[in-house]
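One structure is given below, encoded as structure tokens.
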Amino acid sequence: MTDAVLHLERLRKSFGALVVTDDLTFDVMPRELHAVIGPNGAGKTTLINQISGLIAPDAGTIQFGGRDITALPTHARAELGLARSFQVSSILPGFSALENVALAVQSRAGSSFRVLGRAAAEAALNDPAMAALADVGLAERAYVPAGELAHGEKRALELAIALAMQPKVLLLDEPMAGTGREETARLVELLRRLKGRFAVVLVEHDMTAVFALADRISVLIYGRILASGTPAGVRADPRVVAAYLGDEME
Amino acid sequence: MVCLRTSGVYFIMITLAFGQMAFFTASSLAPFGGDDGLTIAARNTLAGLPLLRNERAFYYLVFACLLGTYLFCSALVGSRFGRVVRGAKENPVRMATIGFDVYRFQLATYVIAGALAGLSGFLLANDTEFVSPAYMSWQRSGELIVMVLLGGLGSLDGAIIGAAAYLLTEEWLSGVTENWKVIFGPVLVLVVLFARGGLIGLASDLARRLARD
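Pasting the structure below:
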């Protein structure tokens, strides 16, 4: 597929003798929500880390928007429009929620070597940041230090940071991890609303959320894609049921 | 440049190592007095004028430099640039995934810090009319770190208050006993253990407690 916005070709990564990404080929189409599911230790987070550039693959290539980004550092990939969230919320705890998002706006806007003028008072940074916060329902919490937000709010803040980067592809590493049922429902609703603005790679254990949101699902086991297809197709696949979904769905 | 390729403790150790290299190089330069140091014949002139010879004028110059540096640094911290640097201190991985090349910002900060240190070295040499390799030794670097720790890390007021507190304590304790560091050492340990924010942190804690009552 040449029109994929993100294309991994025979990606390989091992830690010592343990192969965590095993000749993996994977596509994400524009505006598609592509979920990656699989048991613990299947290599999902390692995969996300390789796409965002925090871990270098041993072999294979990563193409983003038709361009080979395998050798690019993390920040350059982000500049091209690759945003991500982390399994364990990764925010700037001492900064207010608004500042966390304003930094992402600033990154898009450039001119971060400006040493004069108070960044905290710049409407050009704060207005888009506020809009992104409103998008995820955090507008009222804008001035609270990010470290003091509730767990679910931190997850929403990560989404707001990603939104402010106006990404082409958003990598979500277990956005529902550790959230309660009500918060999960809220996050699913939020993702449903954001879906279609850009492509999303969703790594998630919550099967209700995955089947509610995904256009396509890939099942990852021992670093390989076991099956890939529509939610209905994957659910019916006997190999997937045997290897993974069997215990999850009961 | 080499130092910035490492981080954390390694960064400190490599910076110290380079400092020691400079120290021993300077100590072995006989034409400049070797490790005895060098007495400077006269203070620098400013625009051809011997302004710095006058003690009072020199004091105001130093004071103006402090004020200027303070204002410059406060502006820096609040600017776009400063916000990126502060963010990189809290969470460098997050900053990289937002799209900032953290290394470039840290390099620029390092250069600014070096320039300010150069300015203070110039003023110190003019004040004492004497330079010696001892200024490059790791003990001197340690003293500077102690000042910052004492005042409060990551705050401009903290650095100034820390420097004043350190010098005053040195003055006072060395009047009490010659081995004043025996007393000062444990005090510093207590500060690090119980007042992580230094004197500035203590003051703001106190203010908060008073405000609550």
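So the protein lines, in turn, are chains C and D. Residue 1 is where the first sequence starts when you use the numbering used here, and the numbers rise one by one after that. Residue 1001 is where the second sequence starts when you use the numbering used here, and the numbers rise one by one after that. All residues carry an ideal CB built from backbone N, CA and C; glycine is no exception.
Just the Cα atoms here: how many angstroms apart are residue i and residue j?
i, j, result
"A102/C", "D135/C", "14 Å"
"L1038/D", "E122/C", "51 Å"
"T1177/D", "I1183/D", "9 Å"
"S1155/D", "M1147/D", "12 Å"
"D1214/D", "L1153/D", "Not covered by the structure: residue 1214/D. The range shown for chain D is 1001 to 1213."
"L24/C", "E204/C", "19 Å"
"A1207/D", "I1200/D", "11 Å"
"A17/C", "V88/C", "27 Å"
"K168/C", "L1210/D", "51 Å"
"V1077/D", "V115/C", "8 Å"
"A1165/D", "F1023/D", "27 Å"
"V19/C", "T45/C", "14 Å"
"R192/C", "F198/C", "12 Å"
"L1167/D", "A119/C", "35 Å"
"F1032/D", "F15/C", "55 Å"
"I1012/D", "L1188/D", "19 Å"
"A1159/D", "E99/C", "25 Å"
"F95/C", "N1091/D", "11 Å"
Less than 8 Å between the beta carbons of residue i and residue j, yes or no?
i, j, result
"F1100/D", "S111/C", "no"
"L202/C", "L213/C", "yes"
"K13/C", "D58/C", "yes"
"L92/C", "R1094/D", "yes"
"L6/C", "F86/C", "no"
"A83/C", "M165/C", "yes"
"A162/C", "L170/C", "yes"
"G1198/D", "L1150/D", "yes"
"C1065/D", "L1144/D", "no"
"D215/C", "E32/C", "yes"
"S52/C", "T1069/D", "no"
"G152/C", "E183/C", "yes"
"A97/C", "L125/C", "no"
"G60/C", "E9/C", "yes"
"I55/C", "L11/C", "no"
When you compare each of the options to residue i by their alpha carbons, which one comes out closest?
i, options, result
"P39/C", "T230/C, D206/C, A132/C, T25/C", "D206/C"
"I231/C", "A35/C, A142/C, L149/C, T21/C", "Before going on, a small fix: residue 231/C reads as Pro here, not Ile. Closest by alpha carbon: A35/C."
"A1026/D", "I1040/D, Y1135/D, Y1060/D", "Y1135/D"
"V1084/D", "A104/C, T70/C, V210/C", "A104/C"
"F1058/D", "A1203/D, L1123/D, K1181/D", "L1123/D"
"L1071/D", "T61/C, G117/C, P128/C, P145/C", "G117/C"
"L226/C", "A243/C, T70/C, L98/C, G41/C", "A243/C"
"A236/C", "R224/C, I217/C, A146/C", "I217/C"
"L1067/D", "D1157/D, E1129/D, R1104/D", "D1157/D"
"N1126/D", "V1187/D, L1061/D, G1185/D", "L1061/D"
"V47/C", "G229/C, R224/C, V241/C, V234/C", "With the sequence shown as reference, residue 47/C is identified as Leu, and Val is not the correct amino acid for it. Per the Cα distances, R224/C."
"E1055/D", "A1195/D, T1128/D, G1162/D, F1018/D", "T1128/D"
Consult DSSP for residue i and reduce its assignment to one of helix, strand or coil.
i, result
"K1181/D", "helix"
"A199/C", "strand"
"I37/C", "strand"
"I177/C", "First, the residue type needs correcting, since residue 177/C is Ala and not Ile in the sequence shown. It is coil, neither helix nor strand."
"A1207/D", "helix"
"R84/C", "strand"
"S1141/D", "helix"
"R12/C", "strand"
"F1130/D", "strand"
"P128/C", "helix"
"M1/C", "Unreliable placement is indicated for M1/C, whose pLDDT of 47 sits below 50; no coordinate value is reported for it."
"S1074/D", "helix"
"L1029/D", "coil"
"M18/C", "The sequence as given places Leu at residue 18/C; Met does not occur at that position. In this structure, L18/C counts as strand in the three-state DSSP scheme."
"P57/C", "coil"
"S1174/D", "helix"
I'd like to confirm the pairing. Which residues does DSSP put opposite residue i in its beta bridges?
i, result
"Q63/C", "H7/C, D68/C"
"A227/C", "V219/C"
"F26/C", "L8/C"
"V169/C", "L82/C, A199/C"
"P1186/D", "P1186/D pairs with nothing; no bridge assigned."
"T1109/D", "None, per the DSSP bridge assignment."
"T1039/D", "F1130/D"
Using a beta-carbon distance below 8 Å, is residue i in contact with chain A?
i, result
"D1101/D", "Here chain A cannot be found, since the structure's protein chains are C and D."
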